[in-house]
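*Asks:*
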Amino acid sequence: MNVALIIAPADFRDETVAKAKVMLERWNVRCSIMGFVDRECRGSHGAVYMPDANINNAKPENFDAVLIADGMGIESYRLYEVMPALDFVRDIAGRGNVVAGIGNAVKFLAKANLISERKVAVPKEASELVYMVKLYRGIISDNDMECDTNIMSLKDYRKTEEFVGKILDKAGVR
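For the sequence shown, the positions run 1 to 174 when our numbering is used.
This is how it looks when you write it as structure tokens:
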């Protein structure tokens with residue numbers, strides 16, 4: 001199994017990426033870091049990752065799932081408006097594979113038009129995100145995490161390990 005872990009060029013949430021990577025690798029799942037630039041990406045607390053591939057050149061058929069990491073970089077780079085990234089996410093979802101977003105990365109799921117009439121977990125204090133979910137006809141859930149068909153969302157990054165476990169379950173790995 002190969003999971004694409006999408007990160008921003010800067011200011012992604014280090015904790016999310018580190019926990020997801022460890023959890024995936026613990027289950028012998030290949031974790032491919034997907035970036036938007038062909039250089040090192042630096043997290044909000046200084047973690048540095050060199051992307052395995054640029055999302056503009058990635059082939060969705062090579063991946064069994066995608067996880068989009070949260071963080072301020074999502075907002076500052078407006079990554080949820082990058083068409084190749086949206087196409088990549090849409091293609092993976094269209095194959096019935098898991099597409100997951102954490103926190104503000106749920107904007108990817110909305111902009112890719114994957115949340116219509118589906119339950120989505122979002123932080124209620126994030127008014128712009130709540131507005132976007134409603135705009136794209138998503139159903140805001142009171143739960144910390146949601147799995148509606150193959151679309152998964154997590155409200156709070158502190159539950160990343162549990163969330164990745166649910167992704168592994170959904171993908172049939174454990």
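Virtual Cβ for every residue (Gly too), placed ideally from N, Cα, C. Quick caveat: nothing in here was measured; it's all calculated off a predicted structure.
Under 8 Å, with one C-beta from each stretch per pair, do the segment 58-70 and the segment 83-102 reach the 3-pair mark?
*Replies:* Touching, yes, given that three or more Cβ pairs across the two stretches are closer than 8 Å.
*Asks:* In this structure, what does DSSP give as the bridge partners for GLY101?
*Replies:* On the sequence shown, residue 101 is found 101 positions in, with the first residue counted as 1. GLY101 is bridged to ILE68 and SER153.
*Asks:* So, for GLY167: in the same chain, excluding its five sequence neighbours on each side, which residues have a beta-carbon less than 7 Å away from its beta-carbon?
*Replies:* Position 167 of the sequence shown, counted from the start, is the residue given in the question as residue 167. According to the sequence provided, residue 167 is Ile. The question's Gly does not apply to it. Once the five neighbours on either side are set aside, the close Cβ partners of ILE167 are ALA65, LEU67, VAL98, ALA100 and MET152.
*Asks:* So what does DSSP say about ASP169, is it helix, strand or coil?
*Replies:* Here residue 169 refers to the residue found at position 169 when the sequence shown is read from its first residue. Reduced to three states, the DSSP call for ASP169 is helix.
*Asks:* Could you spell out where the beta strand (DSSP E) holding MET145 opens and where it closes?
*Replies:* By one-based count along the sequence shown, residue 145 stands at place 145. Element bounds for MET145: 145-148.
*Asks:* Return yes when the Cβ of ILE115 is within less than 8 Å of the Cβ of ALA69, no when it is not.
*Replies:* Counting from 1 along the sequence shown, the entry for residue 69 is found at position 69. Counting from 1 along the sequence shown, the entry for residue 115 is found at position 115. No, they are not a contact pair.
*Asks:* May I have the straight-line CA-CA distance separating ARG137 from ARG118, to the nearest angstrom?
*Replies:* Indexing the sequence shown from 1 puts residue 137 at position 137. Indexing the sequence shown from 1 puts residue 118 at position 118. Each residue's alpha carbon lies about 8 Å from the other.
*Asks:* Pull up the distance between the alpha-carbon of MET72 and that of ARG174, whole angstroms please.
*Replies:* Counting from 1 along the sequence shown, the entry for residue 72 is found at position 72. Counting from 1 along the sequence shown, the entry for residue 174 is found at position 174. Taking the straight line from one Cα to the other gives about 32 Å.
*Asks:* Going straight from the alpha carbon of THR160 to that of ASP14, what length do you get?
*Replies:* Mapped onto the sequence shown, residue 160 falls at position 160. Mapped onto the sequence shown, residue 14 falls at position 14. Whole-angstrom Cα-Cα distance: 11 Å.
*Asks:* Among all the DSSP beta bridges, which residues are the ones paired with VAL3?
*Replies:* In the sequence shown, the residue the question calls residue 3 occupies position 3. Per DSSP, CYS31 and ALA65.
*Asks:* Residue range of the beta strand (DSSP E) that VAL82 falls in?
*Replies:* Translated into positions along the sequence shown, residue 82 becomes position 82. Per DSSP, VAL82 belongs to no beta strand (DSSP E) and is neither H nor E.
*Asks:* For SER141, which beta-bridge partners are listed by DSSP?
*Replies:* Position 141 of the sequence shown, counted from the first residue, corresponds to residue 141. Per DSSP, ALA121.
*Asks:* According to DSSP, which residues form a beta bridge with TYR49?
*Replies:* The count along the sequence shown starts at 1 and reaches residue 49 at position 49. Beta-bridge pairing links TYR49 to CYS41.
*Asks:* Could you compute how far the alpha carbon of ALA175 sits from the alpha carbon of SER141?
*Replies:* A question about residue 175 goes unanswered here, because the residues of the chain that appear run from 1 up to 174.
*Asks:* Identify the continuous alpha helix (DSSP H) that holds LEU129 and give its terminal residues.
*Replies:* Here residue 129 is taken as the residue at index 129 of the sequence shown, counted from 1. Start and end: 127-135.
*Asks:* How many Å lie between PRO9 and THR16 at the Cα?
*Replies:* Reading the sequence shown from its first residue, position 9 is the one you call residue 9. Reading the sequence shown from its first residue, position 16 is the one you call residue 16. About 15 Å.
*Asks:* Near ASP156, what residues of its chain come up, given a Cβ to Cβ distance below 8 Å and the 5 sequence neighbours on each side ignored?
*Replies:* What you label residue 156 is simply residue 156 of the sequence shown in a count that begins at 1. For ASP156, where only same-chain residues beyond five positions count, the Cβ hits under 8 Å are GLY103, PRO123 and ASP144.
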